[in-house]
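Going by the working numbering, the first residue of the sequence shown is number 455, and it counts up by one from there.
Here a beta-carbon is modelled for each residue, glycine too, at the ideal position from N, C-alpha and C.
Notes follow once the structure below has been shown.
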Amino acid sequence: MASIAPQNEQTMDKPKGFWANLWGGEGRAWQLIRESGILGALIILIIVGAIISPHFLKPTNLINVIRQIAIVGIIGIGMTFVILTAGIDLSVGSIVGFVAVLSASMLRAGVPWYIVIPVGLAAGGAIGALNGFGITKGNLQPFIMTLGMLVIARGVTMTYSEGQPISIGEAAESFSWLGAGDWLGIPVPVWLLLLVAVLAGLTLTYTPWGRHIYAVGDNVEAARLSGINTTLVTFGVYVISGVMAALSALILVSRLTTGEPLQGTGFELDAIAIVVIGGTSLFGGEGGVRGTLVGAAIVAVLANLLNLVGVSPFSQQIVKGLIIISAVLLERRRASLMERR
Numbered sequence: 455m456a457s458i459a460p461q462n463e464q465t466m467d468k469p470k471g472f473w474a475n476l477w478g479g480e481g482r483a484w485q486l487i488r489e490s491g492i493l494g495a496l497i498i499l500i501i502v503g504a505i506i507s508p509h510f511l512k513p514t515n516l517i518n519v520i521r522q523i524a525i526v527g528i529i530g531i532g533m534t535f536v537i538l539t540a541g542i543d544l545s546v547g548s549i550v551g552f553v554a555v556l557s558a559s560m561l562r563a564g565v566p567w568y569i570v571i572p573v574g575l576a577a578g579g580a581i582g583a584l585n586g587f588g589i590t591k592g593n594l595q596p597f598i599m600t601l602g603m604l605v606i607a608r609g610v611t612m613t614y615s616e617g618q619p620i621s622i623g624e625a626a627e628s629f630s631w632l633g634a635g636d637w638l639g640i641p642v643p644v645w646l647l648l649l650v651a652v653l654a655g656l657t658l659t660y661t662p663w664g665r666h667i668y669a670v671g672d673n674v675e676a677a678r679l680s681g682i683n684t685t686l687v688t689f690g691v692y693v694i695s696g697v698m699a700a701l702s703a704l705i706l707v708s709r710l711t712t713g714e715p716l717q718g719t720g721f722e723l724d725a726i727a728i729v730v731i732g733g734t735s736l737f738g739g740e741g742g743v744r745g746t747l748v749g750a751a752i753v754a755v756l757a758n759l760l761n762l763v764g765v766s767p768f769s770q771q772i773v774k775g776l777i778i779i780s781a782v783l784l785e786r787r788r789a790s791l792m793e794r795r
């Protein structure tokens with residue numbers, strides 16, 4: 455095992471081109487091919503949408519699509535950090551619901567939005583920290599810990615709100631800019647997505663901690679032997695995932711002017727789907743933010759297109775499930791081929 459550590463360290467310190475690696479990733483030929491493939495799939499999906507629905511390319515519909523991309527994309531970026539370490543976070547949907555109800559109740563009580571936003575982000579980060587603590591110190595599997603937190607956070611949310619939506623009342627006028635406003639003709643959530651994506655990409659590509667995330671996902675024991683604090687890395691990615699889920703919750707509350715206790719239900723499925731579609735391996739150590747953004751666009755465009763042609767939301771869940779299974783099967787096939795070489 456001792457011979458593995460220097461090799462990983464050398465790989466982590468390998469110089470990378472700025473534009474080629476801005477969004478993260480190892481720069482392997484297969485990764486580039488796969489990302490080109492999903493980008494081509496997005497282009498084909500847009501062309502099909504324009505053909506089968508006259509409403510698809512209308513400005514109002516496209517604005518709705520990019521707003522949806524922003525919401526699921528922000529959560530997906532947080533999930534990318536987690537999955538790169540070979541983990542999983544099933545609690546992000548419940549975090550969205552909890553933060554939505556918490557922030558809505560604070561706004562309704564007259565708390566200024568500039569206090570509500572950091573409190574909401576801190577609440578999401580705190581739940582993520584609980585996940586990270588249970589996984590690193592309690593030695594619980596990420597699936598079990600985050601599944602338990604999914605149930606706990608949703609139960610707390612339902613208890614606190616008594617199962618009823620909470621309107622933000624008069625605060626809607628001062629808070630609507632976050633979810634429904636725009637700047638330079640582009641929705642504010644899209645600007646937030648771009649900001650988060652750039653910061654995440656730079657972190658994964660150009661910081662030691664980002665390289666440590668890849669190392670932990672590739673081989674946690676080798677990473678530990680090479681001197682990486684694997685506990686801190688694992689703990690940190692779940693905090694990031696919680697904060698990203700909280701940010702999406704604040705955007706939703708601002709846009710809908712209501713905190714729904716069931717808000718965010720199924721978002722964990724969307725987040726996992728866009729990360730996997732974007733080429734990040736569920737086995738860790740491979741992928742990046744760039745692919746996640748394309749995956750978010752594919753899922754949002756597909757959902758919008760299915761709505762336009764009249765497919766029920768229940769049937770859309772079947773499509774998302776099939777996409778996840780197919781993506782994992784392709785990843786296993788790729789890993790098998792790599793092992794034979």
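- By the Cβ-count criterion, Ser680 is buried, with 16 or more other Cβ atoms from all chains shown falling within 10 Å of its own Cβ.
- The Cβ atoms of Gly733 and Glu740 sit closer than 9 Å to each other.
- Taking a contact as a CB-CB distance under 8 Å, the pair Gly696 and Gly578 counts as one, their CB atoms being some 4 Å apart.
- Between the alpha carbons of Ala563 and Arg678 lies a distance of about 48 Å.
- If the five residues before and after Val693 are omitted, its C-beta is found closer than 8 Å to the C-beta atoms of Gly579, Gly582, Ala583, Gly586, all from its own chain and listed in chain order.
- For Asn585, the enclosing alpha helix (DSSP H) has its first and last residue at 567-590.
- Taking all protein chains shown into account, Val730 has 16 or more neighbouring C-beta atoms within 10 Å of its C-beta and is therefore buried.
- Under the three-pair Cβ rule at 8 Å, the segment 599-611 counts as touching the segment 541-548.
- Between Asn758 and Val519 the beta-carbon gap is near 5 Å, inside 8 Å, which marks them as a contact.
- Here the segment 509-517 does not lie against the segment 566-573, with fewer than 3 beta-carbon pairs under 8 Å apart.
- A buried status is given to Arg521, since no fewer than 16 other beta-carbon atoms sit within 10 Å of its beta-carbon.
- DSSP places Ser780 within a helical segment (H, G or I) once states are collapsed to three.
- Between Ala703 and Ser557, the C-beta spacing is below 9 Å.
- Here the alpha carbon of Phe597 sits roughly 13 Å from the alpha carbon of Thr539.
- Under the three-state reduction of DSSP output, Gly713 falls in the strand class.
- Annotation: the continuous alpha helix (DSSP H) that includes Ala750 extends over 743-762.
- By the CB criterion at 9 Å, Ile589 and Gly635 fall outside the cutoff.
- Residue pairing from DSSP places Ile620 in a beta bridge opposite Gly713.
- Ranked by Cα distance from Thr711, the first of Gly530, Phe737, Ala626 is Ala626.
- In the three-state reduction of the DSSP assignment, Ile498 falls in the helix class.
- Out of Thr684, Leu561, Tyr614, Ala651, the CA that lies nearest to the CA of Glu624 is found in Leu561.
- If you draw a straight line from the Cα of Ala700 to the Cα of Ser769, it is about 28 Å long.
- Inter-residue distance for Ala781 and Tyr668 is about 20 Å (C-alpha atoms, whole angstroms).
- Out of Ile528, Ile505, Gly494, Val550, the CA that lies nearest to the CA of Gly720 is found in Val550.
- Here the C-alpha atom of Ile537 lies approximately 18 Å from the C-alpha atom of Gly775.
- Residue pairing of Ile640 in beta bridges, as defined by DSSP: Trp637.
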